[in-house]
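Each remark here refers to the structure printed beneath this line.
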Amino acid sequence: MMSLAWPLFRITEQAALAAWPQTGCGDKNKIDGLAVTAMRQALNDIAIRGRIVIGEGEIDHAPMLWIGEEVGNGEGPEVDIAVDPIEGTRMVAMGQSNALAVMAFAPRGSLLHAPDMYMKKLVVSRQAKGVINLALSLTDNLRNVARALNKPLEELRMVTLDKPRLQPAITQATQLGVKVFALPDGDVAASVLTCLQDNPYDLMYTIGGAPEGVISACAVKALGGDMQAELLDFCEAKGDNADNRLVAQQERQRCEEMGVAVNRVYSLDELAAGNDILFSATGVTGGDLVNGIQRVANGVRTQTLLIGSADRTCNIIDSLHSW
Numbered sequence: 015m016m017s018l019a020w021p022l023f024r025i026t027e028q029a030a031l032a033a034w035p036q037t038g039c040g041d042k043n044k045i046d047g048l049a050v051t052a053m054r055q056a057l058n059d060i061a062i063r064g065r066i067v068i069g070e071g072e073i074d075h076a077p078m079l080w081i082g083e084e085v086g087n088g089e090g091p092e093v094d095i096a097v098d099p100i101e102g103t104r105m106v107a108m109g110q111s112n113a114l115a116v117m118a119f120a121p122r123g124s125l126l127h128a129p130d131m132y133m134k135k136l137v138v139s140r141q142a143k144g145v146i147n148l149a150l151s152l153t154d155n156l157r158n159v160a161r162a163l164n165k166p167l168e169e170l171r172m173v174t175l176d177k178p179r180l181q182p183a184i185t186q187a188t189q190l191g192v193k194v195f196a197l198p199d200g201d202v203a204a205s206v207l208t209c210l211q212d213n214p215y216d217l218m219y220t221i222g223g224a225p226e227g228v229i230s231a232c233a234v235k236a237l238g239g240d241m242q243a244e245l246l247d248f249c250e251a252k253g254d255n256a257d258n259r260l261v262a263q264q265e266r267q268r269c270e271e272m273g274v275a276v277n278r279v280y281s282l283d284e285l286a287a288g289n290d291i292l293f294s295a296t297g298v299t300g301g302d303l304v305n306g307i308q309r310v311a312n313g314v315r316t317q318t319l320l321i322g323s324a325d326r327t328c329n330i331i332d333s334l335h336s337w
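Just so you know, my numbering puts 134 at position 120 of the sequence shown, and the rest follows in order with no gaps.
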């Protein structure tokens, strides 16, 4: 996979550059469409036999690289691809921070092949590896992580998303004295930040998109952290009503067809197998993980985080694009 590091970095960079001029336009689908087109073109220019195993867009009815889509020029290694052309299209549309173009590569058969649906996720750094268990309550997991890190609960820092579906978890954690950081969007960045050295968070607990979960698993695996995840149907994430039950039924049928199970806890090795994984994230708007695109004289500057599991390296790549 390491020979594909530079092409992967260029793919997320091209997607970010395509979406960035629309910052503040208010049109999420337009932003997604531009990023998807740029990614597809860049993917088809490289020597891989790639397959999209999980991608973002079905839930939001947005432009997407289709699950099962074959990409690449038909030569070279067989590659599983997990992709979110823009994690945080709403942030780009509204001119807000923390939007990324993200993608992960792994050898064929390595990544969880699942629909674009909701997923519960729990992530910790290598210091707490092996102590998490989504079959237990959040309270039990918080206590176990605090014990592994030799911290009182009052010093534990949990990052999550500021969504109605996560308010019970936020309340539960704060009642224990845990410090909770609720972000508007962006659980891929939160997963990576949780696993980096000098990490600002001790654990991440969210209910978000499954594509972001598999992409996060690639970064977590490469950084030596730990993660568990559970697919949730639409009713479990958004509430029970007739319309949501129809979506949930369709999701469960697709899961059965794809050989995955709703409400089953998946380990990190089941989400992203092996140790030959590449992860790339290019900033679109400024954020905590990488800088957003910045206008400079006669061009723009981009910043990308490129992580490889084979050698456990994290590269911050600053690029100057002159017009």
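Don't be surprised by glycine CBs; every beta carbon is placed ideally from N, CA and C.
CA-to-CA, the gap between G313 and S333 works out to about 10 Å.
Exclusion of the five residues before and after L167 leaves L156, R157, A160, L190, G191, V192 as the residues of its chain whose Cβ lies within less than 8 Å of its Cβ. One Cα belongs to A33, the other to D201, and the distance between them is close to 20 Å. I66 places its beta carbon less than 8 Å from that of L79. Excluding residues up to 5 positions away in sequence, L292, L320, G322 lie with their Cβ nearer than 7 Å to the Cβ of A19 in the same chain.
The count of Cβ pairs closer than 8 Å, one atom from the stretch 244-255 and one from the stretch 202-218, stays below three, leaving the stretches out of contact. Rounded to whole angstroms, the separation of the alpha carbons of N305 and W337 is 20 Å.
Under DSSP, D240 takes part in a beta bridge, and its partners are V138.
Residue environment for M218: buried (at least 16 other C-beta atoms within 10 angstroms of its C-beta). DSSP places E271 in the uninterrupted alpha helix (DSSP H) bounded by 256-272. Note that the C-beta distance between L175 and T103 is not below 8 Å.
L170: not part of any alpha helix (DSSP H); DSSP gives it neither H nor E. Between A115 and A29, the C-beta spacing is below 8 Å. Short of 6 Å from the beta carbon of E92, and not among the five residues preceding or following it, lie these beta carbons of its own chain, in chain order: R63, R122.
For the 8 Å CB-CB criterion, I184 and V173 do not form a contact. Residue ranges of uninterrupted alpha helix (DSSP H) with 4 or more members, entirely inside the stretch 179-224 and ordered along the chain, are 181-189, 201-209. By DSSP's assignment, V279 forms a beta bridge with E244. In the DSSP assignment, M117 is bridged to V97, S294. When the beta-carbon positions are compared, G227 and A203 stay at least 8 Å from each other.
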